[in-house]
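To start, the structure under review is shown below, and the notes come after it.
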Amino acid sequence: MANPHAKGKEESRAKQGTHRQICQPKAKACRTLPRRFYGRKIPVATGEQASTREVVQMRAWSVAADQVVNFCGEAFSAWDPTHLRVLQNGSQLQLVLDQISGSGLGSQNEYMFGHFEIQMKVAPGNTAGTVTSFYLSSVPMTSENQRDELDFEFLGNASGEPYLLQTNIFTNGSGYKEQRVVPWFDPTASFHTYSISWTKQQVIFAVDGTAIRTFVNNEASGQLYMDRHPMGAFLSIWDGDDWATLGGLVKINWTASPFVASYKGYKADACIFDGNVSACAHSPFAANVYADGLFDLSSLSSVEDNFMVYNYCDDKDRFEVLPPECTLAK
Numbered sequence: 001m002a003n004p005h006a007k008g009k010e011e012s013r014a015k016q017g018t019h020r021q022i023c024q025p026k027a028k029a030c031r032t033l034p035r036r037f038y039g040r041k042i043p044v045a046t047g048e049q050a051s052t053r054e055v056v057q058m059r060a061w062s063v064a065a066d067q068v069v070n071f072c073g074e075a076f077s078a079w080d081p082t083h084l085r086v087l088q089n090g091s092q093l094q095l096v097l098d099q100i101s102g103s104g105l106g107s108q109n110e111y112m113f114g115h116f117e118i119q120m121k122v123a124p125g126n127t128a129g130t131v132t133s134f135y136l137s138s139v140p141m142t143s144e145n146q147r148d149e150l151d152f153e154f155l156g157n158a159s160g161e162p163y164l165l166q167t168n169i170f171t172n173g174s175g176y177k178e179q180r181v182v183p184w185f186d187p188t189a190s191f192h193t194y195s196i197s198w199t200k201q202q203v204i205f206a207v208d209g210t211a212i213r214t215f216v217n218n219e220a221s222g223q224l225y226m227d228r229h230p231m232g233a234f235l236s237i238w239d240g241d242d243w244a245t246l247g248g249l250v251k252i253n254w255t256a257s258p259f260v261a262s263y264k265g266y267k268a269d270a271c272i273f274d275g276n277v278s279a280c281a282h283s284p285f286a287a288n289v290y291a292d293g294l295f296d297l298s299s300l301s302s303v304e305d306n307f308m309v310y311n312y313c314d315d316k317d318r319f320e321v322l323p324p325e326c327t328l329a330k
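Reading the sequence shown from the start, the letters are residues 1 to 330 in the UniProt record's numbering.
Written as structure tokens, this is what we have:
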């Protein structure tokens, strides 16, 4: 929903000087966030820039599975297994990005509705230009113009500056619904849990059980929703330096590579798609009650007020007419 107080918030922030403090949603611990990391001063790449390389990678998975990897009891097809390290009998893995290649995994199962989570630790140091992700996508199972997708993407930054955690959504080919937050923790120091709950009524993105974003099904009001196509689960690390850091102004410093992202604890408590959309649509995983109690939704306003540095629904410079969901109930 468009924020009616956005202008007032911007004016208030301008009066605060060049820095603002951000605090944990449930604690008083604060740290200083440089002004250049919030507001519309952060360039946002066009969707074409952001998605091109990732789409190429997903299509590579559809052509041939270089290697089948058992990760947390699930079968995944690996893209460039030379940049993949499987540890602890498949309970943990690392994806590696260097000047030669990145890497990724795509689940062999396809799903419709359910709860998906992963524990992830991103690369430390100068990671500008890198993108580390966990997401659900209907591509390559569907064409690009039918694409459904739910993204967690860590956008790297220069040493000493914070990562940005971007969520993005595509519905039946319509996408580029980015929100960005600065994590209230160091995502390089330890594992944290990133989860996506996808029901017929809404999608909830959460970090360590704290909701950071919702996307409500408002199809009755003309908004598209991801309830037509199954999606697979994907993990990846890749070179996104044409858009990821300050809109592509800061490039990857390859002398800082290899960049290593670590993953463990993958879970998919979801309806496995067998070709029958109706079966999954009427499964317990599709019901909103399924997500009740999994997340603390009271944190949403705190995240928006204290951690969000970009919301596409506030970007009137980018959109002459805001997307319909921006004016509908959350």
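The C-beta atom is built at its ideal place from N, Cα and C for all residues, glycine as well.
I'd like the span of the alpha helix (DSSP H) that includes residue i, first residue to last.
i: Cys280; result: Val277 to Ala281
i: Asp305; result: Leu300 to Asn306
Looking at the unbroken beta strand (DSSP E) that takes in residue i, where does it start and where does it end?
i: Leu235; result: Gly232 to Asp239
i: Ala271; result: Per the sequence shown, the amino acid found at residue 271 is Cys instead of Ala. Per DSSP, Cys271 belongs to the beta strand (DSSP E) from Phe259 to Ile272.
i: Ala78; result: Glu74 to Trp79
i: Met120; result: Tyr111 to Lys121
i: Pro71; result: With the sequence shown as reference, residue 71 is identified as Phe, and Pro is not the correct amino acid for it. Here the beta strand (DSSP E) through Phe71 covers Gln67 to Phe71.
i: Asp151; result: Glu149 to Leu155
i: Thr214; result: Thr210 to Val216
Are residue i and residue j close, meaning C-beta to C-beta below 8 Å?
i: Ile252; j: Asp242; result: no
i: Thr167; j: Ala261; result: no
i: Gly104; j: Leu235; result: yes
i: residue 331; j: Phe307; result: With the chain represented from 1 up to 330, any question about residue 331 goes unanswered, as that position is not in the structure.
i: Phe76; j: Ser107; result: yes
i: Tyr266; j: Arg180; result: no
i: Lys121; j: Pro187; result: yes
i: Leu297; j: Trp198; result: no
i: Ser257; j: Leu150; result: no
i: Leu164; j: Phe152; result: no
With a threshold of 7 Å on Cβ separation, who are the neighbours of residue i within its own chain once the five nearest residues in sequence on each side are excluded?
i: Glu280; result: First, the amino acid is wrong: residue 280 is Cys here, not Glu. Correct list, in chain order: Met112, Phe113, Cys271, Phe273 and Ala286.
i: His5; result: The pLDDT assigned to His5 is 33, lower than 50, so where the model puts this residue is not dependable; a value taken from the coordinates is nonetheless given after this. Contacts found: none.
i: Thr230; result: According to the sequence displayed, residue 230 carries Pro and not Thr. Here the set comprises Glu110, Tyr111, Met112, Ser138, Met141 and Phe273.
i: Asn172; result: Gln146, Asp148, Leu224 and Arg228
i: Val55; result: With a pLDDT of only 45 at Val55, under 50, the local geometry of the prediction cannot be trusted, and the value read off the model is given with reservation. Same-chain partners within the cutoff: Val139 and Glu144.
i: Gln99; result: Trp254 and Ser257
Using only CA atoms, which one of the options lies nearest to residue i?
i: His115; options: Asp186, Ser143, Asn276 and Ala233; result: Ala233
i: Tyr263; options: Ser190, Thr210 and Gln92; result: Gln92
i: Gly222; options: Asp317, Asp98, Val69 and Pro323; result: Pro323
i: Phe259; options: Val68, Gln94 and Gln88; result: Gln94
i: Leu300; options: Ala206, Val68 and Thr82; result: Ala206
i: Asn70; options: Leu87, His83 and Leu297; result: Leu87
i: Gln201; options: His192, Tyr194 and Met226; result: Met226
i: Cys72; options: His83, Gln119 and Ile169; result: Gln119
i: Phe295; options: Thr210, Val216 and Asp305; result: Thr210
i: Glu178; options: Ser190, Glu219 and Phe215; result: Phe215
i: Asp269; options: Ile169, Ala220 and Ser283; result: Ser283
i: Ser195; options: Ala189, Trp184 and Asp208; result: Asp208
i: His83; options: Glu74, Gln67 and Asn89; result: Gln67
i: Trp238; options: Ala78, Phe152 and Thr130; result: Thr130
i: Phe191; options: Trp254, Gly248 and Ala123; result: Ala123
Between which residues of its own chain and residue i is the CB-CB distance below 6 Å, once the five residues before and five after are set aside?
i: Ala128; result: Gly156, Asn157, Ala158, Thr245 and Val250
i: Asp80; result: Ser101 and Ser103
i: Gly125; result: Ser159 and Ala256
i: Glu320; result: none
i: Glu117; result: Thr193, Ser195 and Lys267
i: Ala189; result: none
i: Gly90; result: Asn70 and Phe71
i: Ala78; result: Asp66, Gln67, Val69, Leu84 and Leu105
Beta-carbon within less than 8 Å of residue i's beta-carbon, same chain only, minus the 5 sequence neighbours each way: which residues are those?
i: Leu328; result: Met1, Val216, Asn218, Ser221 and Gln223
i: Asn288; result: Thr199, Lys200, Gln201 and Gln202
* Asked: Whole beta strand (DSSP E) runs in the stretch 84-108 with 3 or more residues, listed along the chain?
  -> 84-87, 92-97 and 103-107
* To do: Run through the stretch 120-203 for me and flag every whole beta strand (DSSP E) of 3 or more residues, listed as ranges in chain order.
  => 130-137, 149-155, 164-170, 179-181 and 192-198
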